[in-house]
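Asks:
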Amino acid sequence: MKAKEVKVLDEILEAHDYSQTAIIAIMQDIQKVYRYLPEEMLCYIAHKLHLSEAKVYGVATFYENFSLEPKGKYVIKICDGTACHVRQSTTILEEIRSILGVTAAKPTTDDMMFTVETVSCLGACGLAPVCTVNDVVHPAMTPEKARALIQELREGRDAGEEAFDEN
Numbered sequence: 139m140k141a142k143e144v145k146v147l148d149e150i151l152e153a154h155d156y157s158q159t160a161i162i163a164i165m166q167d168i169q170k171v172y173r174y175l176p177e178e179m180l181c182y183i184a185h186k187l188h189l190s191e192a193k194v195y196g197v198a199t200f201y202e203n204f205s206l207e208p209k210g211k212y213v214i215k216i217c218d219g220t221a222c223h224v225r226q227s228t229t230i231l232e233e234i235r236s237i238l239g240v241t242a243a244k245p246t247t248d249d250m251m252f253t254v255e256t257v258s259c260l261g262a263c264g265l266a267p268v269c270t271v272n273d274v275v276h277p278a279m280t281p282e283k284a285r286a287l288i289q290e291l292r293e294g295r296d297a298g299e300e301a302f303d304e305n
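Take the sequence shown: its position 158, counted from the start at 1, is 296 in our numbering, and no numbers get skipped.
1) With H, G and I counted as helix, E and B as strand and the rest as coil, what does DSSP make of His-223?
2) Shortest alpha-carbon distance to Val-257 belongs to which of Ala-278, Gly-210, Ile-288, Ala-242?
3) Out of Lys-283, Thr-280, Ala-262, which one is the CA nearest neighbour of Asp-273?
4) Could you check the C-alpha separation between Val-144 and Ala-184 for me, to the nearest Å?
5) Could you tell me whether the segment 188–200 touches the segment 153–164, where touching means 3 or more Cβ pairs closer than 8 Å?
6) Looking only at its chain, what residues have a beta carbon closer than 8 Å to the beta carbon of Arg-285, apart from the 5 residues adjacent to it on each side?
7) From Pro-277 to Ile-230, what does the alpha carbon distance come to, in whole angstroms?
8) Using the C-alpha atoms, what's the distance from Tyr-212 back to Thr-280?
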């Protein structure tokens with residue numbers, strides 16, 4: 139690991155008082171910075187917290203929100219829960235995957251800009267079909283809105299808060 143990475147990890151560990159009971163919060167903070175949990179970082183925090191690497195890895199793999207694989211700058215989650223599915227979320231998923239050239243087996247673009255995932259429910263059934271981009275909800279999605287959203291993200295415009303204003 140680079141000295142800069144060690145410094146970041148030490149700051150995160152210190153913020154949590156090197157507490158073993160804060161392992162989940164520590165991992166969340168690491169993932170906020172790096173967008174995933176690199177293996178060498180898990181080994182480092184295991185050593186610093188006096189935990190086995192197996193224990194730390196077990197926590198990282200138990201919780202679905204943790205990723206051991208690098209993710210893109212924009213993580214797009216398409217809901218496929220019942221409400222979204224019956225409102226054609228699969229069509230939106232296919233459109234986004236087609237535009238970005240990704241698949242279920244290879245969900246991240248080569249340039250590390252986008253990762254596309256499906257989730258069972260985003261808890262926004264009344265807004266179906268729904269997707270999120272870095273946890274910002276985009277309601278009532280259509281293939282056309284999906285194309286526009288990808289274009290906004292590619293152009294570097296924030297597709298965040300104004301998402302709720304669209305109908």
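The beta-carbon is built from N, C-alpha and C at its ideal position, and this holds for glycine as well. Note that this is a predicted model, so its numbers are computed, not measured.
Replies: Checking against the coordinates, here is how it stands:
1) helix
2) Ala-242
3) Ala-262
4) 13 Å
5) yes
6) Glu-233, Ile-237
7) 12 Å
8) 19 Å
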